[in-house]
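Residue numbers (this note's numbering): 57 to 356.
Reading through the structure tokens given below for one structure.
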Amino acid sequence: MGKRHFLCLTDLNSNELHDIIERAITGKQRLLKGKIQQTLKGKVLAMIFEKSSTRTRVSFETAMAHLGGHSIFLSPDDTQVGRGEPVEDTARVLSRMVDCIMIRTYEHEKLQRFADYSDVPVINGLSDTFHPCQLLADMQTYYEHRGSIKGKTVAWLGDGNNMCHSYINAASLFDFNLRIASPESYRPRTEILQSAGNHIELLTDPKAAIKNADLVVTDVWASMGQEAESELRKAIFRPYQVNAGLMALAKQDALFMHCLPAHRGDEVTADIIDGPQSVVWDEAGNRLHSQKALLEFLLK
Ligand code: CP
Ligand code: NVA
Numbered sequence: 057m058g059k060r061h062f063l064c065l066t067d068l069n070s071n072e073l074h075d076i077i078e079r080a081i082t083g084k085q086r087l088l089k090g091k092i093q094q095t096l097k098g099k100v101l102a103m104i105f106e107k108s109s110t111r112t113r114v115s116f117e118t119a120m121a122h123l124g125g126h127s128i129f130l131s132p133d134d135t136q137v138g139r140g141e142p143v144e145d146t147a148r149v150l151s152r153m154v155d156c157i158m159i160r161t162y163e164h165e166k167l168q169r170f171a172d173y174s175d176v177p178v179i180n181g182l183s184d185t186f187h188p189c190q191l192l193a194d195m196q197t198y199y200e201h202r203g204s205i206k207g208k209t210v211a212w213l214g215d216g217n218n219m220c221h222s223y224i225n226a227a228s229l230f231d232f233n234l235r236i237a238s239p240e241s242y243r244p245r246t247e248i249l250q251s252a253g254n255h256i257e258l259l260t261d262p263k264a265a266i267k268n269a270d271l272v273v274t275d276v277w278a279s280m281g282q283e284a285e286s287e288l289r290k291a292i293f294r295p296y297q298v299n300a301g302l303m304a305l306a307k308q309d310a311l312f313m314h315c316l317p318a319h320r321g322d323e324v325t326a327d328i329i330d331g332p333q334s335v336v337w338d339e340a341g342n343r344l345h346s347q348k349a350l351l352e353f354l355l356k
């Protein structure tokens, strides 16, 4: 197999994604019994973070430690990345030293340019357009709690952002129906929507979107880089808050997910995120297991 990148979910096909989820589930069970398989001994992952992170950083670092490899955290503040060295140059230099590179950045296009010049697999650790690693964890979490997501209804409430775009990709790859309810000017991008065809229903009414849903998902109203719009967005997105009133319209056994970090009282109320339908801690923990499976897929 030649070198593969994971810049968005559609870089892998449906079978490959399902295999990764299956591997993640069995790997997690093995780890819970105290068994660790060092399948990536001697391999090195470089991680460039141009935005903050808790989950992505710790899960990738722990994943490499468990697998017998090593990870290097690179911040723009103390590397030449922050001093304007072209991404094409950084990509060529790093790929002569490490086996895989993870990047969290702003413009998705920068990530693509980086990948074009890299000789080793590049993983998107979040861009302004996509967050594919989070979807691996979300899909694993759904499978663990409810079995196959095929044919189920997922409601996305709020911003048509990077997470929403990755949910759109997931809808066709995992074959579920995705209802997106967003204010009109905050809808997901048309070209991303078009790629998912009839799996998507675009709405403005959150009640219509959540009705009888099997899974309810939301995310922050202002993503990293949009902090200045925070107050304006709070007013616009208020009707999309996932609270007990809205959640009561979903199926009785519906799950609630949020990639975190969350703002209780904004996009979700505390009784929902801390309540019995919420699986956000499993979802966050599964970043570790699904990314281990992804690293093995890309590096072995
Ligand atoms: N969900 C997620 O990617 O979290 P971090 O920003 O903490 O990495
Ligand atoms: N949409 C959020 C996700 C954070 C993990 C952001 O981009 O900030």
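Just so it is clear, CB atoms sit at the ideal spot from N, CA and C, and this is done for glycine as well.
Being a predicted model, the structure only gives us computed values, none of them experimental.
Fill in: Any non-hydrogen atom of ligand 1 closer than 6 Å to Arg111 Cβ
yes
Worksheet item: beta strand (DSSP E) containing Trp212: first to last residue?
Response: 209–213
Worksheet item: Less than 6 Å between the CB of Ser279 and some heavy atom of ligand 2, yes or no?
Response: yes
Discussion item. Could you give the first and the last residue of the continuous alpha helix (DSSP H) run that contains Met219?
Written reply: 218–229
Worksheet item: For Thr274, does the three-state DSSP call read helix, strand or coil?
Response: strand
Worksheet item: How many angstroms separate the CA atom of Met280 from the CA atom of Ile205?
Response: 29 Å
Worksheet item: Do you know whose CA, among His187, Met219, Gly214, Gly207, lies nearest Ser241's CA?
Response: Gly214
Fill in: Spatial neighbours of Asp327 in its chain, beta-carbon cut-off 7 Å, leaving aside the 5 residues before and after
Ala300
Discussion item. Are there any heavy atoms of ligand 2 lying less than 6 Å away from the beta-carbon of Met313, as far as the coordinates show?
Written reply: no
Discussion item. In the DSSP output, what is Leu130 paired with across the bridge?
Written reply: Ile104
Fill in: Own chain, CB closer than 8 Å to Val324, minus 5 neighbours either side, in chain order
Thr274, Gln297, Val298, Asn299, Phe312, His314, Ala318
Worksheet item: So which of Ala102, Ala310, Asp67, Arg202 has the shortest CA-CA distance to Thr135?
Response: Ala102
Worksheet item: If we count the other Cβ atoms within 10 Å of its Cβ and call it buried at 16 or more, is Leu73 buried or exposed?
Response: buried
Worksheet item: Is the beta carbon of Arg160 sitting closer than 7 Å to the one on Leu182?
Response: yes
Discussion item. Per DSSP, what are the beta-bridge partners of Phe62 in this structure?
Written reply: Ile179
Worksheet item: Taking Val178 as the reference, which of Glu144, Ile248, Leu316 has the closest Cα?
Response: Glu144
Worksheet entry | Reduced DSSP secondary structure (H/G/I, E/B, other) of Cys156 | strand
Fill in: Proximity below 7 Å, CB of Ser127 to CB of Glu117
yes
Discussion item. For ligand 1, I want to know if Leu130 counts as a neighbour, meaning its beta carbon is within less than 6 Å of at least one of the ligand's heavy atoms.
Written reply: no
Item to complete: Output yes or no for whether 7 Å exceeds the beta carbon distance between Ser228 and His255.
Response: yes
Item to complete: Would you kindly work out how many angstroms separate the C-alpha atoms of Met158 and Ile104, rounded to a whole number?
Response: 6 Å
Worksheet item: From which residue to which residue does the beta strand (DSSP E) around Asn268 run?
Response: Taken as a continuous stretch (DSSP letters only), Asn268 belongs to no beta strand (DSSP E), as it is neither H nor E.
Practice prompt. Grab the span of the alpha helix (DSSP H) containing Glu283 for me, first residue to last.
Written response: It is not in any alpha helix (DSSP H) - Glu283 carries neither H nor E in the DSSP assignment.
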